[in-house]
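This note's numbering puts the last residue of the sequence shown at 393; the count rises by one with no breaks.
We treat Cβ as the ideally placed atom computed from N, Cα and C, and that holds for glycine.
Okay, structure first, notes after.
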Amino acid sequence: MSAPAHDPALQQRLLDGRTVGDPAADAVVAAFRDLPGGRGWALLDAALAGRPLPGTPREVHDLLAPVVEPPAWLDPELADAGALAFWKGGAQPISLALAAGSLAFGYQSAFLVRPLAATGRLERMASRRMGETARWVLEVTTPGGMRVDGRAVAPGVAASIHVRMVHALVRDHLLRDPTWDRASWGVPISASDTLVTAIGGFHVVPLRAMRDLGVRHSRAELEALTHLWRWIGFVTGAPEELLPHSYREACTTIGTALDLDPGPNEDSAKLLHALLHHGVSLQRVLPGPTHVPAEFLATQILGMYTRRWMGDEMADRLDVPASPLRHLLPGLRPLMLARDALRWTGVLGSEERLVAREIAGVRRTLGLAGAAPAALDPRDVAQEPALPRAA
């Protein structure tokens, strides 16, 4: 697909980013291959806790050095302000925006779909994968969750490094697979894919979805959010030269990336179907057989908003049916506007206390639902049949 007029230099950076992975993380995977089973991950976790052990490969230091000694542009206070702004609308619109906006956004891109389809993770374990993603988002958007204190890192940073290493494991596996067409498809989970996922999938797209739901952010909040996701993108391995400096630049970058994207492939509809029909499991939350109609309703709501936010043409391509509940679409917006008005009066408490309550509620809900206890962990992924054993 040819792109309309955009900044040629940005286009070229994004195209070049399709040909490279994450050299620092890839080097760690190679170094761990020579260690006894499980030893490499133990060494990585000790280093993340600020207590590096003897025998830690140099590659681990090289991976973590730019994180524990962050770039001069990082403003931790501004990143924390971005975390507060992220939770401004409350847990319900955020959850909807992430599921029907962010995750569905990824399945519109063959670049992002192929690695998922090749490992089979999402189609086989949609609910678990949703839980892992929710845990990661929770850690990185908790105020203080992306801070670095000396050599130790906060939970969001550690979780992001784990996700980064999972991507490196998958990339290593697929590049060894003779069926991976590198000439046509580029590097799996490339540098550009990492950028598009962080800045597009978890920043620009959900913000647009939340705006549609009635959540409003000020210009200062948008810039704080962009700063937070710029830092998250950096920690997860996106090259610094691709990361946006402002919200406007973030939107431009993602727009350009989408114009360069080939669109969905033959696996996109299957993965989206798994997300919509198997991504929400309420069996452990609701008593008896009541979870069945509740899950059906959740599927209808997810499909309804997915179709709205990706547009009818793309939804038809990905077999997202029109929901009989579509006439209820405007219903959330007045509730969000009313909540926002209450926030400004101070009746609901300070912003910090509001966010703390929202986050605590999400943690309880994930626990009740039996969601994955932590964000994606390389130990778990390394043991899956689709991937080779790693240290």
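{"Check": "Determine the closest residue to residue 34 out of 137, 21 and 59, with distance taken between C-alpha atoms.", "Outcome": "59"}
{"Check": "Does residue 323 pass the burial test, meaning 16 or more other C-beta atoms within 10 Å, or should it be called exposed?", "Outcome": "exposed"}
{"Check": "Under a Cβ-count criterion, where at least 16 other Cβ atoms within 10 Å of its own Cβ denotes burial, should residue 99 be classed as buried or exposed?", "Outcome": "buried"}
{"Check": "Can you give the Cα-Cα distance for residue 363 and residue 157, rounded to whole angstroms?", "Outcome": "18 Å"}
{"Check": "Got a sec? Which residues, its chain only, sit under 7 Å from residue 305 by beta carbon, not counting five neighbours each side?", "Outcome": "278, 322, 323 and 325"}
{"Check": "How big is the Cα-Cα spacing for residue 192 and residue 17?", "Outcome": "10 Å"}
{"Check": "Less than 7 Å between C-beta atoms, sequence neighbours within five positions excluded: which residues of the same chain meet that for residue 252?", "Outcome": "201, 205, 206, 228 and 246"}
{"Check": "With H, G and I counted as helix, E and B as strand and the rest as coil, what does DSSP make of residue 318?", "Outcome": "helix"}
{"Check": "Secondary structure at residue 154, three-state DSSP: helix, strand or coil?", "Outcome": "strand"}
{"Check": "Using 10 angstroms around the beta-carbon of residue 298, count the other beta-carbons present and answer buried if the total reaches 16, otherwise exposed.", "Outcome": "exposed"}
{"Check": "Measure from the C-beta of residue 347 to each C-beta in chain D and report whether the shortest distance is under 8 Å.", "Outcome": "Looking at the structure shown, chain D is missing, and only one protein chain is on hand."}
{"Check": "Roughly how many angstroms separate the alpha carbons of residue 10 and residue 258, rounded to a whole number?", "Outcome": "10 Å"}
{"Check": "In chain order, what residues of the same chain lie with their CB nearer than 6 Å to the CB of residue 149, ignoring the 5 residues before and after it?", "Outcome": "78 and 156"}
{"Check": "Using CA coordinates, which residue listed in 85, 347 and 369 is at the minimum distance from residue 232?", "Outcome": "85"}
{"Check": "Using three-state DSSP, classify residue 325 as helix, strand or coil.", "Outcome": "coil"}
{"Check": "Would you kindly report the start and end of the unbroken alpha helix (DSSP H) that includes residue 54?", "Outcome": "Per DSSP, residue 54 belongs to no alpha helix (DSSP H) and is neither H nor E."}
{"Check": "Measuring straight from C-alpha to C-alpha, what distance separates residue 239 and residue 368?", "Outcome": "27 Å"}
{"Check": "What residue from 219, 159 and 120 has the CA that sits closest to residue 190's CA?", "Outcome": "120"}
{"Check": "In terms of residues, what are the limits of the alpha helix (DSSP H) holding residue 229?", "Outcome": "221 to 237"}
{"Check": "List the endpoints of the continuous alpha helix (DSSP H) containing residue 92.", "Outcome": "Per DSSP, residue 92 belongs to no alpha helix (DSSP H) and is neither H nor E."}
{"Check": "If we call anything under 8 Å between Cβ atoms a contact, is residue 55 one with residue 163?", "Outcome": "no"}
{"Check": "How about residue 180 and residue 357: are their beta carbons less than 8 Å apart?", "Outcome": "no"}
{"Check": "Does the stretch 208 to 225 come close enough to the stretch 162 to 178 to have 3 or more Cβ pairs within less than 8 Å?", "Outcome": "no"}
{"Check": "Do the stretch 300 to 314 and the stretch 165 to 172 meet, that is, are 3 or more Cβ pairs less than 8 Å apart?", "Outcome": "no"}
{"Check": "Suppose the cutoff is 6 Å on Cβ atoms and the five residues either side in sequence are ignored; what does the same chain contact list for residue 242 look like?", "Outcome": "none"}
{"Check": "Would you call residue 116 buried or exposed, if buried means 16 or more other Cβ atoms sit within 10 Å of its Cβ?", "Outcome": "buried"}
{"Check": "For residue 53, is the classification buried or exposed, using 16 other Cβ atoms within 10 angstroms of its Cβ as the cut-off for buried?", "Outcome": "exposed"}
{"Check": "For a test of the three-state rule: what should DSSP assign to residue 109, helix, strand or coil?", "Outcome": "coil"}
{"Check": "Identify the continuous alpha helix (DSSP H) that holds residue 103 and give its terminal residues.", "Outcome": "No alpha helix (DSSP H) contains residue 103, which DSSP labels as neither H nor E."}
{"Check": "Three-state secondary structure (DSSP) at residue 275?", "Outcome": "helix"}
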